[in-house]
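Undergrad: One structure, as structure tokens, below. Some questions next.
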Amino acid sequence: MNILVTGGAGFIGSNFVHYMLQSYETYKIINLDALTYSGNLNNVKSIQDHPNYYFVKGEI
Numbered sequence: 001m002n003i004l005v006t007g008g009a010g011f012i013g014s015n016f017v018h019y020m021l022q023s024y025e026t027y028k029i030i031n032l033d034a035l036t037y038s039g040n041l042n043n044v045k046s047i048q049d050h051p052n053y054y055f056v057k058g059e060i
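Residue 6 in the UniProt record's numbering is what sits at position 6 of the sequence shown, and the numbering runs on without skipping anything.
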């Protein structure tokens, strides 16, 4: 299953992304974030090389 998380580099979004990757090992997580005032790539640095994690910088 593919899950799109918007705002996944912020505090709440990044914790949700971490939870999903730990709880559902077969899910692919796509993190879409514009990296504005609250988005911070340091929040997802520990999972950036995870095989089921993808980051996309963009806006919707």
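Quick reminder that beta carbons are idealized off the backbone N, C-alpha and C, glycines included. Quick caveat: nothing in here was measured; it's all calculated off a predicted structure.
Is the distance from the Cβ of residue 71 to the Cβ of asparagine 52 below 9 Å?
TA: Within the shown structure, residues of the chain are numbered from 1 to 60, placing residue 71 beyond reach of any answer.
Undergrad: Assuming isoleucine 47 and leucine 21 form a contact by the criterion Cβ under 8 Å, report the distance between their Cβ atoms to the nearest whole angstrom.
TA: Isoleucine 47 to leucine 21, Cβ: 6 Å. Contact.
Undergrad: Could you check where the beta strand (DSSP E) with valine 56 kicks off and where it finishes?
TA: Start and end: 53-57.
Undergrad: Compare the C-alpha of glycine 58 against each of Ile3, Glu25, Phe16 and Ala9 and name the closest.
TA: Among Ile3, Glu25, Phe16 and Ala9, the Cα nearest to that of glycine 58 belongs to Ala9.
Undergrad: May I ask which residues mark the beginning and end of the alpha helix (DSSP H) holding asparagine 15?
TA: Taken as a continuous stretch (DSSP letters only), the alpha helix (DSSP H) holding asparagine 15 covers 11-23.
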